[in-house]
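Worksheet for the structure shown next.
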Amino acid sequence: NAGVTQTPKFQVLKTGQSMTLQCAQDMNHEYMSWYRQDPGMGLRLIHYSVGAGITDQGEVPNGYNVSRSTTEDFPLRLLSAAPSQTSVYFCASSYSGRAYYGYTFGSGTRLTVV
Amino acid sequence: LAKTTQPISMDSYEGQEVNITCSHNNIATNDYITWYQQFPSQGPRFIIQGYKTKVTNEVASLFIPADRKSSTLSLPRVSLSDTAVYYCLVILTGGGNKLTFGTGTQLKVEL
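Those sequence lines, one after another, are chains A and B.
Take any residue in the first sequence, note its place counting from 1, add 12, and you have its number in the numbering used here.
Take any residue in the second sequence, note its place counting from 1, add 514, and you have its number in the numbering used here.
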């Protein structure tokens with residue numbers, strides 16, 4: 013049981029480049045979300061999905077796109093990377109979209125934009 | 515969602531019991547209190563959750579007084595491996611599906 017798998021673990025981008033951060037879960041969780049964590053701060057919600065085909069914005073969605081074509085996968089796209097997007101990105105999933113059931117987080121992608 | 519306040523950092527020694535208190539003065543009737551643990555270079559990990567009184571699992575205990583305006587995470591006999599950031603969150607049971615993280619409490623355990 014792999015849980016939540018994020019790839020890549022590390023990435024360096026130049027300003028203006030685009031890329032996709034991958035997130036996959038094998039627990040048949042309906043709810044998936046993306047967070048970013050900046051030094052000395054808590055995690056902030058970027059986008060989330062309550063099921064295949066349904067996505068919505070979180071607290072800091074600007075500069076990011078998401079889609080959810082399958083239950084298992086929830087990729088995060090950076091359209092034109094900016095230094096302000098340098099951060100650690102975490103993907104999380106939960107049963108039935110209820111925070112009450114506890115979230116499972118991936119191990120993160122550390123992104124540096126130069 | 516209710517705002518939470520917890521100490522920025524705590525220090526302890528191996529074998530001691532550590533209690534981290536979180537205040538959530540405006541917690542609502544349907545809110546639960548949940549705690550996550552985050553090790554360096556890892557994502558947060560759910561450790562315990564409760565509504566009132568006391569909850570205990572293999573990792574920790576959670577004490578919630580009757581007025582529910584605060585809660586205390588208790589880690590018995592900590593070891594070096596318990597060094598981590600601990601987050602206290604308030605969540606909705608009915609329809610809430612978002613986690614709002616604060617800056618957490620950095621616990622450092624020394625020999």
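Cβ atoms here follow ideal geometry from the backbone N, Cα and C, with glycine treated the same way.
- Listed in chain order, the positions of the segment 29-63 of chain A with a beta carbon within less than 9 Å of a beta carbon of chain B are Y43, S45, Y47, Q49, G52, M53, G54, L55, R56, L57, Y60, V62.
- Under the three-state reduction of DSSP output, L594(B) falls in the helix class.
- Below 8 Å, enough C-beta pairs join the segment 29-48 of chain A and the segment 76-93 of chain A to call them touching: three or more.
- Closest in alpha carbon position to L55(A), among I561(B), Q551(B), I562(B), is Q551(B).
- Taking 8 Å as the upper bound for CB-CB distance, T586(B) and N533(B) are in contact here, some 5 Å apart.
- Proximity of the segment 114-125 of chain A to the segment 90-99 of chain A meets the contact definition, three or more beta-carbon pairs being nearer than 8 Å.
- A straight-line Cα-Cα distance of about 43 Å links T570(B) and V24(A).
- Beta-bridge partners of L625(B) (DSSP): none assigned.
- Taken in chain order, the whole beta strand (DSSP E) runs of length 3 or more contained in the segment 532-594 of chain B are 532-537, 545-552, 559-564, 567-570, 575-578, 584-589.
- In the structure shown, S96(A) falls within a helical segment according to DSSP collapsed to helix, strand and coil.
- Within chain A, no residue has its beta carbon less than 9 Å from that of R582(B); the closest one is some 16 Å off.
- Y60(A) has S45(A), D68(A) as its beta-bridge partners, per DSSP.
- Where S523(B) is concerned, the enclosing beta strand (DSSP E) starts and stops at 523-527.
- Think of a sphere of 8 Å around the beta carbon of F102(A): the chain B residues whose beta carbon falls inside it are G557, P558, in chain order.
- Taking C-beta separations shorter than 7 Å and ignoring five residues to either side along the sequence, the partners of P73(A) in its chain run I58, H59, following chain order.
- Taking 8 Å as the cut-off, the Cβ atoms of A36(A) and D85(A) count as close.
- Among the residues facing chain B, G118(A) is included, as its CB has a counterpart in that chain under 8 Å away.
- In this structure L589(B) is buried. Its beta-carbon is surrounded by 16 or more other beta-carbon atoms within 10 angstroms.
- As the crow flies, the alpha-carbon of I522(B) is around 37 Å from that of T83(A).
- Chain order gives the chain A residues near T617(B) as G52, M53, G54, where near means a beta carbon separation below 9 Å.
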